[in-house]
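*Asks:* Residue numbers (the numbering used here), protein chains in the order written: chain A, 965 to 1377; chain B, 32 to 190.
We put the beta carbon where it would ideally sit given N, CA and C, even for glycine.
Before I ask anything, here is the structure I am working with.
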Ligand code: FES
Ligand SMILES: [Fe+2]
């Protein structure tokens, strides 16, 4: 029996059944159809594993992956599951090794995942051992396809996934390149456990409407408001989006903006910062965009908030549990002052961030509230019913774009 | 231990006890007073710390920024009512340069939510630099180095 079957509401992407955020059968189907299906998922930065033998582990959905730098100097991505009886091959999060050797029975693989040795393959004194027709070349680690874009390496297990550049599309692809203009340098990483379904976080990322309403700090200190110029770019197939805020200039003037936000909890008069260094922005991207949030379906996010740059990877850990991994970046080209500014602005985002703290909690609030509401739907009608690019962020168009990308994979016509 | 060393230990014990109770009693407005004017305060993971990576989950480079952090928690940020309970111990003087003390201490934080749910929220160590200020010690640097890289939901109040 197909346990993930669902009749999508006739209204299309402007209605989302709450069941998709809590149902175990749907979650299991997503691991297979979305995460092991024809989608690209972020694996590593191109320059992250500099030496042959360097490796790190990550996931495609819940499937464990190891990314290696081979003797050939190339990055390889492999399922981190022994071809013998399924043990984890690489146990450490990162390391360096000449061979990937499984601890269970000592089968060894080279850095490209080819099986190189089987302990006691010939048995002992003519007894035991593997059958004569056992072919080493048939029992390597499962290999992923990889592709790279602007210094980012993505992987997929499906032969059908189109080339990465085509998958992201030119429109949003240009916005990736806009931010990642230098040689990335990792400033540090962190991770957050969210008590909500992974898609609730992706909806939040694509939700251009909420930021200056939920996040008081954003609005009060004018980091970004809906009344600043800006808009959202959405790929036709919904896979990629980029929202942007343009300058701190108010399209309706400062007073006009204050009037529009009057009575909204997120605007607090009379607050001020003793030390305003973290609100400064150095112009580095060659335009007047102050905030750009970008996603690539299913689970990759690239953020620019002033001069803070971070990659976010959204990993499903169960129907109601998600790990949000953050990698904060600068560039090798940065001078000390710019790096310091990026570090100060990291206070805005991440698990303790002035503007993103609420995002860690709000998905959990929704998850709690939809218990027992499996037959009901959310209303995603801000800005209409479609998912086209717009010169406004007062819209939920890019959330509808997410569902546009999701539904065909799941068979939810 | 000389009498002077015993006195110093007691001073440090009471400083860290005051620090823990200040936070756990929700007297956050007094928290910046434990620091010097140009203080450095960072919360990071052992993984970042040991790799020499500069990122902080919280990264503050002046006492004024600590004041701002408290203001934001009180007036701007939205999070469910919750309590942290700090257990600070194993205070060790790692160095004494004459100009200041390098101190490391262990910490464990239990978080209790409004419905009573409790979790072990954080474990780690303080890597601190203390300087004399009148007849007390103040923090010139405080690295809160958490053993785990994961934070459950969000990190609001100071550690
Ligand atoms: S499971 Fe890996 S060698 Fe047996
Ligand atoms: Fe948000």
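Name the chain B residues whose beta carbon is nearer than 8 Å to that of residue 1153 of chain A?
*Replies:* 76, 78, 79, 84, 86, 180
*Asks:* Using C-beta distances below 7 Å, list every residue in its chain close to residue 1266 of chain A, excluding the 5 sequence neighbours before and after it, in chain order.
*Replies:* 1140, 1143, 1258, 1275
*Asks:* If contacts are defined as beta-carbon pairs under 8 Å, then residue 1103 of chain A and residue 1069 of chain A qualify, I think. What distance do you get, rounded to the angstrom?
*Replies:* That belief does not hold up - the Cβ atoms of residue 1103 of chain A and residue 1069 of chain A are roughly 12 Å apart, past 8 Å.
*Asks:* Taking only the alpha-carbon atoms, compute the straight-line gap between residue 1015 of chain A and residue 1346 of chain A and give it to the nearest angstrom.
*Replies:* 49 Å
*Asks:* Counting pairs of beta carbons, one from the segment 52-71 of chain B and one from the segment 1284-1304 of chain A, are three or more of them closer than 8 Å?
*Replies:* no
*Asks:* Taking 8 Å as the threshold (beta carbon to beta carbon), is residue 149 of chain B in contact with chain C?
*Replies:* Although the question refers to chain C, the structure presented lacks it and instead comprises the protein chains A and B.
*Asks:* Let me know if residue 58 of chain B comes out buried or exposed under the rule of 16 or more other beta-carbons within 10 Å of its beta-carbon.
*Replies:* Classification of residue 58 of chain B: exposed, given that the 10 Å Cβ count is below 16.
*Asks:* Are there three or more Cβ pairs, one per stretch, closer than 8 Å when the segment 1295-1304 of chain A is compared with the segment 72-81 of chain B?
*Replies:* no
*Asks:* Mind listing the chain B neighbours of residue 1325 of chain A? Cutoff is C-beta to C-beta under 7 Å, in chain order.
*Replies:* 110, 111, 184, 185
*Asks:* Please look up how many angstroms separate the CB atoms of residue 1159 of chain A and residue 1331 of chain A, rounded, as I've assumed it's under 8 Å.
*Replies:* 6 Å
*Asks:* Residue 95 of chain B touches chain A at which residues, Cβ-Cβ below 7 Å?
*Replies:* 1238, 1239
*Asks:* Using only the heavy atoms of ligand 1, determine whether one of them is closer than 7 Å to the beta carbon of residue 1103 of chain A.
*Replies:* Residue 1103 of chain A Cβ: outside cutoff for every heavy atom of ligand 1.
*Asks:* Does the beta-carbon of residue 1122 of chain A have 16 or more other beta-carbons within 10 angstroms, so that it is buried, or is it exposed?
*Replies:* exposed
*Asks:* When you measure from the CB of residue 978 of chain A to every non-hydrogen atom of ligand 3, does any distance come out below 7 Å?
*Replies:* The model on display carries ligand 1 and ligand 2 but not ligand 3.
*Asks:* So that I know if they touch, is there some Cβ in chain A lying closer than 8 Å to that of residue 106 of chain B?
*Replies:* yes
*Asks:* Taking 8 Å as the threshold (beta carbon to beta carbon), is residue 1318 of chain A in contact with chain B?
*Replies:* yes
*Asks:* When you compare only the Cα positions, how much space is there between residue 1089 of chain A and residue 1032 of chain A?
*Replies:* A straight line joining the alpha-carbon of residue 1089 of chain A with that of residue 1032 of chain A spans about 37 Å.
*Asks:* Could you give the DSSP three-state label for residue 45 of chain B: helix, strand or coil?
*Replies:* helix
*Asks:* Out of curiosity, what's the CA-to-CA distance linking residue 1168 of chain A and residue 974 of chain A?
*Replies:* 23 Å
*Asks:* Could you spell out where the alpha helix (DSSP H) holding residue 1129 of chain A opens and where it closes?
*Replies:* 1128-1132
*Asks:* To the nearest angstrom, how far is the alpha carbon of residue 1114 of chain A from that of residue 1361 of chain A?
*Replies:* 26 Å
*Asks:* Report all residues from its chain with a CB closer than 6 Å to the CB of residue 999 of chain A; omit the five preceding and five following residues, and keep chain order.
*Replies:* 1024, 1025
*Asks:* Under the DSSP definition of a beta bridge, which residues are partnered with residue 1040 of chain A?
*Replies:* A:1032
*Asks:* With respect to 7 Å, is the separation between the Cβ of residue 1178 of chain A and the closest non-hydrogen atom of ligand 2 below this value?
*Replies:* yes
*Asks:* Just to confirm, is the Cβ distance from residue 101 of chain B to residue 62 of chain B under 8 Å?
*Replies:* In contact: residue 101 of chain B and residue 62 of chain B (Cβ atoms closer than 8 Å).
*Asks:* Give me the Cα-Cα distance between residue 1179 of chain A and residue 1134 of chain A, rounded to the nearest whole angstrom.
*Replies:* 31 Å
*Asks:* Would you list the one or two residues that DSSP bridges to residue 979 of chain A?
*Replies:* A:1343
*Asks:* Is it true that the segment 112-123 of chain B meets the segment 36-55 of chain B, where meeting means three or more beta-carbon pairs spaced less than 8 Å apart?
*Replies:* yes
*Asks:* Does residue 1002 of chain A have its Cβ less than 8 Å from a Cβ in chain B?
*Replies:* no
*Asks:* Could you name the residues of the same chain whose beta carbon sits closer than 7 Å to that of residue 1334 of chain A, not counting the 5 residues immediately before and after it, in chain order?
*Replies:* 982, 985, 986
*Asks:* Using a beta-carbon distance below 8 Å, is residue 1168 of chain A in contact with chain B?
*Replies:* It does not; no Cβ of chain B falls within 8 Å.
*Asks:* Please name the residue or residues paired with residue 173 of chain B in a DSSP beta bridge.
*Replies:* B:72, B:159
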